[in-house]
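In our numbering, the protein residues as written are 915 to 1326.
In this text, a Cβ means the ideal position worked out from N, Cα and C, and glycines have one as well.
Note that the structure is predicted; figures quoted are calculated from it, not measured.
What follows is a single structure, written as structure tokens, with notes after it.
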Ligand code: HEM
């Protein structure tokens, strides 16, 4: 059993294994084997992070879910023992705080201001618009030269166009905001690079919110500007929130589109089944299975214990850092039989790819509709879609806090 240390004190780092985060080259869809071993042999144990701290790593599905829903667990990134993912993410969290790293009631107050836009009913109403966007991008690809980089031609534009329309951000600025977002989800960025990218995005969002204050339009930034005018939100809080929604709204889904396509191309039997299906139910189920199988937000949910918590035979002391590994949790055989197999018929709605508990992904209804439209359209309209290079030439985001591919050369 793992050593239990006093609150806030780290066990000698030499006795603790490094956190096995990146997906291994040559095994692009699976979490590192070391995480499987921990799940089997030491499901709640210490790991060493980049800064030498040794938080708890939780790897079993049941424990991950239980702790994500536990009110004794905090998301407050200003806590001195918050287990930051990298120097860059630590800097970004310091510079721009949003409700994703706050606890209730602060978290609930801010999240409530934007929930209506992402509610299931609202998002379902967008389905025809999303279908039009997807069809238009496919038309353009089919009319242009090949091979294409599917990331640039399709995976990035789909969610970027949608989130821009929802927020009221001009899509013409996509090169600017995509390049800066990319820095902020790169584990290997330096703190200086992260600081500069955060500042550029905050200045940009602040300018847009300034415009919406004088010329409101029918979009979410205008709603936030209205809250600023009413004194319910500071202008800085509005810019921070706008930045979170802009980044989360396109980076994650774009990776699911490109990496999901690659995973399907590597599993032609599954792809054929998906292509043949007209029924929205199996398509929705395939989306859930790809979310589970790929778990692109793969670097563990970061938390701090507020009180002592007894779980799985260990005591996590108040003030200790905790990493909840939702990627390996989604490969736990106790929750998903034969978990390393991609099986689009398994219907794994209970997965934790969107997290769980009060911080469960706000944008999940939107991500689901976008992915359902993409997965039900792309492979049917381009049935001969295939990779234009060998798998070992694909640049995977091994250095990303969100997993995916930097490019996906494809032809048909
Ligand atoms: C496939 C796509 C997506 C995946 C896999 C994903 C994953 C996640 C995960 C794992 C969390 C939990 C964070 C935590 O517990 O610390 C989260 C939270 C969040 N996501 Fe997503 N997300 C996706 C798409 C989106 C989209 C399209 C938006 C739209 C703006 C969005 C906005 C957010 C926000 C605002 C939070 C913070 C919620 C809170 O703290 O209350 N996400 N997401």
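For the set 1062, 1143, 1184 and 1242, the Cα lying nearest the Cα of residue 935 is the one of 1242. Residue 959: member of the beta strand (DSSP E) spanning 958–960, first to last residue.
In this structure, the C-beta of residue 1170 approaches the ligand HEM to less than 7 Å from one of its heavy atoms.
Around the Cβ of residue 1072, a 10 Å sphere holds 16 or more other Cβ atoms; the residue is buried. Secondary structure at residue 1324: strand, using DSSP grouped into helix, strand and coil. For residue 1124 and residue 1139, the gap between their C-alpha atoms comes out near 8 Å. For the set 1151, 1316 and 1164, the Cα lying nearest the Cα of residue 1088 is the one of 1164. Note on residue 1032: 16 or more other CB atoms within 10 angstroms of its CB, so buried under the neighbour-count rule. Per DSSP, the beta bridge partners of residue 1100 are 1314. Secondary structure in the stretch 1154–1196: the alpha helix (DSSP H) runs of 4 residues or longer, each lying completely within the stretch, are 1182–1190 in chain order. Residues of the same chain with a CB within less than 6 Å of the CB of residue 991, apart from the 5 flanking positions on each side, are 1007 and 1015 in chain order. Put simply, of 1175, 1236, 1248 and 1182 the residue whose alpha carbon is nearest the alpha carbon of residue 1068 is 1175. Cβ-Cβ distances below 8 Å link residue 1300 to 1179, 1324, 1325 and 1326 in the same chain, with the five nearest sequence neighbours on each side left out; the list follows chain order. Judged by their CB atoms, residue 997 and residue 1310 are not nearer to each other than the 8 Å cut-off. Between the alpha carbons of residue 1303 and residue 1312 lies a gap of roughly 19 Å.
Taken in chain order, the complete alpha helix (DSSP H) segments of 4 or more residues contained in the stretch 939–990 are 947–955 and 975–982.
Residue 1274 has its Cβ nearer than 7 Å to a heavy atom of the ligand HEM. Residue 1263 has no beta-bridge partner at all, per DSSP. Following the DSSP letters along the chain, one finds residue 1143 in no beta strand (DSSP E) but inside the alpha helix (DSSP H) bounded by residues 1134–1143. The ligand HEM has no heavy atom closer than 7 Å to the beta-carbon of residue 1237.
Residue 1237 sits in a strand when the DSSP states are folded into three classes. Taking a 10 Å sphere around the C-beta of residue 989, we find 16 or more other C-beta atoms and assign the residue as buried. Each residue's CA atom was taken as its position, placing residue 1154 and residue 1010 some 6 Å apart. Between residue 960 and residue 951, the beta carbon gap of about 15 Å keeps them out of contact (Cβ cut-off 8 Å). Residue 1032 has its Cβ nearer than 7 Å to a heavy atom of the ligand HEM.
Between residue 1084 and residue 1005, the C-beta gap is not smaller than 8 Å, which leaves the two residues out of contact. The stretch 1120–1134 makes no contact with the stretch 1233–1240, as fewer than three CB pairs between them are under 8 Å. Boundaries around residue 1048 are those of the alpha helix (DSSP H), 1041–1057, since no beta strand (DSSP E) includes it.
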